[in-house]
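Contents: one structure, followed by commentary.
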Amino acid sequence: MGVLQTDKWLDDQFFEPTAILKKIDENLNKEQAFYKYLKQFGMYQPNRRTKETFEQLKEANAWKKIDRYYKKYKKFWNGPAVKIAIFPIDTGNRRLMRQTRGRAGITFHEIMYLFLSPQDDEKEWESLFIHEYHHAVRLNHFKKEMTEYTLLDSLLLEGLAEHAVLECCGEKYLGPWCDAIEEPQLDSYWEKWFSSKLDVKKKEAIHDDLLFGKRNLPNLLGYSMGFYIVKVYKKKHDISTVSMIDLPPKKLLLKKFFTKE
């Protein structure tokens, strides 16, 4: 567990990403399909540009620095042991680079995948790590299959993770979705789209439509909504995310999120 030696594996098999994914998870089936899935979240595509990014990450000691964050926040949150797989981000994807500030990730119960590029300000790496490892900590508290997670689970997972970034790194490092939509507009979206669909499962298309903002909805609408819900709860209860990390999702919904005010 902990930071895996993906730097060594990339040295040997940079142009064979599916072979590296198999080393990370020996039980992985359909490696090509999983690689395609990870690319949606920033996984590198093998080419000269991403090879250069990889070399720059090695020079910047990215693996050692992420390991330091892991030890720090594992202790801080009494978090679980997880595998952490670091890869270069797909630097050729300009839209991705612009939206993520050159770092992204995705987290499952036991494995975190981090996609990085060199940063002048290494708190960009730390803030990403906080967001993704917070997911791992919360997932560990609620032992259920990913397919059983609901829209409400996802909203709160994202909202709490970004409030952890706010508390640990500061407002500068928040994702752009946190203040992209005015609160009255979020209230309107809540009533129109979210309040009646909180129990839909991840496998249902409407889950991702609302979470990621598809079908003409604002980009990352669900992330914005989750951040807003947690903000309202924190203000009402004068509480930090450390005390909220194991709260069941419906405990985090105040009256205003059940009925119109």
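If you're matching positions, the sequence shown starts at 1 in UniProt numbering and goes up one per residue.
Cβ atoms here follow ideal geometry from the backbone N, Cα and C, with glycine treated the same way.
None of the values given here were measured: they were computed from a predicted structure.
Boundaries (first-last residue) of the alpha helix (DSSP H) holding residue i
{"i": "residue 265", "result": "Limits of the chain in this structure are 1 at one end and 261 at the other, which puts residue 265 out of reach."}
{"i": "A33", "result": "31–39"}
{"i": "Y133", "result": "123–141"}
{"i": "T53", "result": "48–59"}
{"i": "G42", "result": "No alpha helix (DSSP H) contains G42, which DSSP labels as neither H nor E."}
{"i": "G226", "result": "221–237"}
{"i": "S154", "result": "151–169"}
{"i": "K22", "result": "17–24"}
Three-state class that DSSP yields for residue i in the structure shown
{"i": "Y69", "result": "helix"}
{"i": "M97", "result": "helix"}
{"i": "K250", "result": "helix"}
{"i": "T91", "result": "coil"}
{"i": "V200", "result": "coil"}
{"i": "L114", "result": "strand"}
{"i": "M244", "result": "helix"}
{"i": "M1", "result": "coil"}
{"i": "E191", "result": "helix"}
{"i": "L211", "result": "helix"}
{"i": "P218", "result": "coil"}
{"i": "Q185", "result": "helix"}
{"i": "K172", "result": "helix"}
Straight-line gap, residue i to residue j (C-alpha atoms, nearest Å)
{"i": "T53", "j": "R103", "result": "12 Å"}
{"i": "K83", "j": "G2", "result": "5 Å"}
{"i": "V200", "j": "H135", "result": "20 Å"}
{"i": "D67", "j": "A60", "result": "13 Å"}
{"i": "Y173", "j": "S196", "result": "32 Å"}
{"i": "L210", "j": "E191", "result": "13 Å"}
{"i": "D179", "j": "S224", "result": "7 Å"}
{"i": "L247", "j": "G175", "result": "23 Å"}
{"i": "G105", "j": "L38", "result": "9 Å"}
{"i": "H237", "j": "P80", "result": "27 Å"}
{"i": "A164", "j": "M146", "result": "22 Å"}
{"i": "L96", "j": "F15", "result": "21 Å"}
{"i": "T241", "j": "L10", "result": "36 Å"}
{"i": "residue 323", "j": "E124", "result": "A question about residue 323 goes unanswered here, because the residues of the chain that appear run from 1 up to 261."}
{"i": "Q32", "j": "F257", "result": "41 Å"}
{"i": "W77", "j": "I130", "result": "11 Å"}
{"i": "P249", "j": "D12", "result": "44 Å"}
{"i": "T100", "j": "E148", "result": "27 Å"}
{"i": "W63", "j": "P184", "result": "42 Å"}
{"i": "I73", "j": "E132", "result": "Residue identity differs from the one stated: residue 73 is Tyr in this sequence, not Ile. Whole-angstrom Cα-Cα distance: 11 Å."}
Buried/exposed call for residue i, threshold 16 Cβ in 10 Å
{"i": "A205", "result": "exposed"}
{"i": "F227", "result": "buried"}
{"i": "E26", "result": "exposed"}
{"i": "G170", "result": "exposed"}
{"i": "L254", "result": "exposed"}
{"i": "E261", "result": "The pLDDT assigned to E261 is 40, lower than 50, so where the model puts this residue is not dependable; a value taken from the coordinates is nonetheless given after this. Exposed, because fewer than 16 other Cβ atoms sit within 10 Å of the Cβ of E261."}
{"i": "S127", "result": "buried"}
{"i": "I86", "result": "buried"}
Element boundaries [beta strand (DSSP E), containing residue i]
{"i": "A104", "result": "103–107"}
Check: residue i C-beta below 7 Å from any heavy atom of the ligand MG
{"i": "Y233", "result": "Only the bare structure without any ligand can be found here, which leaves the ligand MG out of the picture."}
Original post:
Counting Cβ pairs, one atom from each stretch, are 3 or more of them under 8 Å apart for the segment 138–146 and the segment 113–120?
Top reply: no
**OP:** Evaluate contact between the segment 117–127 and the segment 147–157, counting only Cβ atoms and requiring at least three cross-stretch pairs below 8 Å.
**Re:** no
**OP:** Tell me, please, whether the segment 42–57 touches the segment 86–94 by the rule of three or more beta-carbon pairs shorter than 8 Å.
**Re:** yes
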